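Here is the structure we will look at.
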């Protein structure tokens, strides 16, 4: 938990008080504070209107000003600040068609999705909890604020959020909320796949993924989700997962290994994922291919340091063999070279040693083969030894 972030949030709140406005910490930060979870960002709700907020603070970014939301930059940190409001009709299953600014914090909390997210905190860290959110947290229950049918119809992404929270927090979804999720699961089709993808990644990263996926399939959410709705093999694979998966890339690499008929490109295209996720998944898949062939050194050589955790989990998902990240890191560090730049012979020297053979595709191919032989320990990274190997190649 970031004490420094809370200190800055309190100072922001005091600035509002100084100018005669109410202000409170709200949302996920309050929930996570109660759960003693790490807090990465803090949202603030205030009675000040967006224009008034911009007059109080010198650095304000109007990120969603039409809905009363701005980003306040304070001492190199950002705080999302939203004016107390009530919402009109949700015509697009995401945003209300209009919002009404109010001065009553309770009215603002009443529009939120779940009671565990509808708690406010004062600068003195006292709680304002009109919907018994603390009780829900103590009982590990996910329940909507007010009528569940209304909350879900306003924004069906709340279906995915409820399932995601059950994975992250080890909470169960209360019966009324679960009945509404079951009835309106089809509305998830109204939500952009990009928003669903964000929740999906948080779900698979959760420690309670087994329970969350059980709920996910029980309410038949998969019938309305790209790839899952048409692919029994991937669904069967998901039903066997019992531990968290660290990233989208790891998940896609595993899913495509379990079902070669669905490609990495299929996942990234249909879920509108980034090219970076696509590249990472491809690298993981290629390295796993080398690893399974018995070329662990080559796999680790081609694997970025940042992907070691993903790779360890991928190995477990595909082979049922457990290997620690620390051991993979140690083996990677002990490789004879860490990159092609470490090879003592470069392309220019290669041409000279090849009797000034005309440059061409062969240079890349020979360097690649030499690199592989060094990594696998079949060649020593020594000028004399490599020179002899080149002359005899």
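Numbering (this note's numbering), first residue to last: 5 to 397. Think of the CB as a built atom: it goes at the ideal place given N, C-alpha and C, for glycine as much as any other residue. The structure displayed is predicted, hence computed values, not measured ones.
Residue 285 and residue 256 have their C-alpha atoms spaced approximately 6 Å apart. Shortest Cα-Cα distance from residue 395 to any of 313, 278, 356 involves 356. Between residue 168 and residue 162, the beta carbon gap of about 10 Å keeps them out of contact (Cβ cut-off 8 Å).
The DSSP assignment places no complete run of the beta strand (DSSP E) inside the stretch 234-309 (cut-off: 3 residues). Around the beta carbon of residue 104, a 10 Å sphere encloses fewer than 16 other beta carbons of the protein chains shown; the residue is thus reported as exposed. Boundaries of the beta strand (DSSP E) harbouring residue 86: 81-87, taken from the DSSP string. For residue 28, the enclosing beta strand (DSSP E) starts and ends at 27-30.
In this model, residue 336 and residue 313 are separated by some 13 Å (Cα to Cα).
Minimum Cα-Cα distance from residue 181 among the listed residues 209, 59, 64, 160 corresponds to 160.
DSSP places residue 152 in the uninterrupted alpha helix (DSSP H) bounded by 152-158. Restricting attention to 305, 350, 209, 252, the CA atom closest to the CA of residue 381 is found in 305. Note on residue 301: 16 or more other CB atoms within 10 angstroms of its CB, so buried under the neighbour-count rule. When 92, 59, 248, 350 are compared, the shortest CA-CA separation from residue 209 is found for 248. Residue 21 is classed as exposed because its beta carbon has fewer than 16 other beta carbons within 10 Å across all chains shown.
Pairing residue 106 with residue 90 gives a Cβ-Cβ distance under 8 Å. Assigned with DSSP and collapsed to three states, residue 176 falls in strand.
With fewer than 16 other Cβ atoms inside 10 Å of its own Cβ, residue 67 counts as exposed.
Excluding the 5 residues flanking it on each side, residue 371 has no same chain C-beta neighbour closer than 6 Å.
For residue 73, the uninterrupted beta strand (DSSP E) run begins and ends at 73-78, by DSSP. A straight line joining the alpha-carbon of residue 265 with that of residue 153 spans about 38 Å.
Assigned with DSSP and collapsed to three states, residue 202 falls in helix. Measuring C-alpha to C-alpha distances from residue 129 to each of 13, 87, 59 identifies 13 as the nearest. The Cβ atoms of residue 146 and residue 175 sit closer than 8 Å to each other.
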